[in-house]
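In terms of full-length UniProt numbering, the sequence shown opens at residue 1 and continues consecutively. Ideal Cβ placement from N, Cα and C applies to all residues, glycine included.
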Amino acid sequence: MSLARKITFFSTGLLILLMLIISVAIYLLFSQFSQQAELERSLNQAQSMAKQISEQNNVTDATQIFELAVVHDGVIRLISDDGLPYLQTTLNLSLLRELPSAYSLSEEMETIIHREEKYAAARTPVIWPNGSVLTLEYIERMNIHESTIQLLRIALFIASAAIIIPSYFAGRALSNIILNPIKNLIQTMEEIRQSGRFKKIAISKETKDELGQMSLTFNHMIDLLDQNYQKQQRFVSDASHELRTPLTVISSYAKLLKRWGKSKPEVLEEAIEAISSESLRMKGLTKQMLDLANGENSLVNEVEKVDLCQVIAETRKHFNQAYEREIEFEDQTDHSIYVLAEKEKIKQLLFILLENAVKYSEEKIDLMLTTKNKHAQFTVTDYGVGIAHQDKEHIFERFFRVDKARSRETGGSGLGLAIAKSIVNSHSGTIKVESELGVGTTFIVEIPLLERE
């Protein structure tokens, strides 16, 4: 059974149950009130006759008043203290014969069922002109009650049908309205599965209800998946392109070795040097790509309390020894600066930024450390060629190079700054660049400070 039918049947069934409970309650309450009204009316009739009879001074007048009272479908009786009828009048002889008589000195009301018909019976004491006390019994069929109850049954049935039938179709319409976005979602996912292409749900207008939010969330998810897929495709394409160059060089020198390596030592030396260099370059490129492929969340393994000033000083010292370049470090803090980070990753981040500065600048490099808005901030500034304005928003993308020819000469892969951004993001920090062509470039990194205990 479909979900739409389940919703329709459930809502309709629940409505039928509620209508049944309400109808039964109305029927029972009204029947009780109507029946009580009939009994009270019969008692009033009996009391009225008893009063008229008691006011008579002789038996003849009292008997005449009694005989003038006729009930169309009932019985009026005067019952003596021995339980036998003293006087009685009726148009229904069978009813007179079959109903037993009862003597009572108190007022009573009861419902009598005779041949599946309801009768209202009322008894009240009356003083006969000769001084004896009799019981006046007034019995009358509940015609008004029965006709009213019958009319009530019809009214409740019609009212219930008038509510349930439209409600059934309204339930179907409502289930379709509710399930249409779900059907569209299922259809879209099926089309994605069959075609292998991402597709969004068509939304006629934005709504703030849960179904509209579901469609919007699905479309946002598709956008994210499509972006990740495009990035993956671009990453694979770029990686293939980057690895093709060293493989081509290695293959070319291998062929050269095969042809001339045995007879020409200089060719052998050149080939070995080139193959070794390209192998190391390809190894580094592969390592960088694997670092990025692991994702930002896995870039930080075990964090610890890191003295940022000490790490910067150590990295600067090692870099000076490796590259023999002038790197000036300005510490604008008056105490140790601690962050919660992976120490080796912070060193790698600094090394990437310093190496980038060395590649594109012949001048000195400035390092500065300070604090800003509960963040540790350090900057790496070079005074080289700079970066064009249109390129600044792309420099953190994988394999992006400002100058491909120059990057090739300096050994750049286009992955360093992408890795730097991933490291910063994994430490809940930010990295941005300020640059001007012919003036230089400054990379600004901010990482949250470790709160003091």
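Could you work out which residue in S361, L349, S435 and F30 is closest to residue 531 when comparing CA atoms only? It is not possible to answer for residue 531, since the shown part of the chain is limited to 1 through 453.
Please name the residue or residues paired with G74 in a DSSP beta bridge. Beta-bridge pairing links G74 to E140.
Proximity below 7 Å, CB of A102 to CB of E110: Taking 7 Å as the cut-off, the beta carbon of A102 is found no closer than this to the beta carbon of E110.
With the cut-off set at 7 Å, would you say A50 and V126 are in Cβ contact? In contact: A50 and V126 (Cβ atoms closer than 7 Å).
Under a Cβ-count criterion, where at least 16 other Cβ atoms within 10 Å of its own Cβ denotes burial, should I158 be classed as buried or exposed? Counting Cβ neighbours within 10 Å, I158 comes out exposed, since fewer than 16 surround it.
Straight-line Cα distance separating G171 from S104: If you take the alpha carbons of S104 and G171, they lie about 60 Å apart.
With 16 other Cβ atoms within 10 Å as the buried cut-off, status of M142: Classified as buried, M142 has 16 or more neighbouring CB atoms from the shown chains inside 10 Å of its CB.
Helix, strand or coil: which one does DSSP assign to E434? Reduced to three states, the DSSP call for E434 is strand.
Distance, Cα to Cα, L308 vs G416? Cα to Cα, L308 sits roughly 21 Å from G416.
Three-state secondary structure (DSSP) of R244: Residue state, collapsed to three classes: helix.
Run the CB neighbour count on F378, radius 10 Å, all protein chains shown included, and call it buried at 16 or more, exposed below. Flag for F378 reads buried.
Take F443 and list the residues in its own chain whose beta-carbon comes closer than 7 Å to its own, dropping the five residues that flank it on each side. Shown here for F443: same chain residues with a beta carbon closer than 7 Å to its own, the five before and five after excluded, namely L353, T379, V380, I431 and V433 in chain order.
Where does P181 sit, in a helix, a strand or coil, going by DSSP? Reduced to three states, the DSSP call for P181 is helix.
Just curious, the beta strand (DSSP E) that L415 is in, first and last residue? Taken as a continuous stretch (DSSP letters only), L415 belongs to no beta strand (DSSP E), as it is neither H nor E.
My parser needs the beta strand (DSSP E) runs of 3 or more residues fully inside the segment 33-82; what are they? Segments of the beta strand (DSSP E) lying fully in the segment 33-82: 74-79.
May I ask which residues mark the beginning and end of the alpha helix (DSSP H) holding F198? Unbroken run through F198: none, as it is neither H nor E.
Under a three-way DSSP split, which group does T381 fall into? Here T381 sits in strand by DSSP.
Just the Cα atoms here: how many angstroms apart are N180 and I26? Using only the alpha carbons, I get a separation of about 39 Å.
Apply the 10 Å Cβ neighbour rule to S298 and answer buried if 16 or more other Cβ atoms are within range, or exposed otherwise. Confidence in S298 is poor, its pLDDT being 48 and thus under 50, which makes the residue's placement unreliable; the coordinate value appears in the next sentence. Counting every other CB atom within 10 Å of its CB across the protein chains shown gives S298 a total below 16, marking it as exposed.
Cβ-based burial, P166 [other Cβ within 10 Å; buried from 16]: It is exposed - the Cβ of P166 has fewer than 16 other Cβ atoms within 10 Å.
Give me whichever residues DSSP pairs with G440 in a beta bridge. Within the DSSP bridge table, the entry for G440 names E436 as partners.
Outcome for K421 when other beta-carbon atoms lying within 10 angstroms are tallied against a minimum of 16: By the neighbour-count criterion, in which 16 or more other beta carbons inside 10 Å mark a residue as buried, K421 falls on the buried side.
What's the call for T248, buried or exposed, on a 16-neighbour Cβ count within 10 Å? The residue is exposed, with fewer than 16 neighbouring Cβ atoms inside 10 Å.
Considering only residues of the same chain and omitting the five flanking positions on each side of K343, which have a CB-CB separation below 6 Å? Here the set comprises V306.
Is the separation between the beta-carbon of A357 and that of I346 shorter than 7 Å? No, these two residues do not count as a Cβ contact at 7 Å.
To the nearest angstrom, report how far apart I312 and A239 are at their CA atoms. C-alpha separation (whole angstroms): 32 Å.
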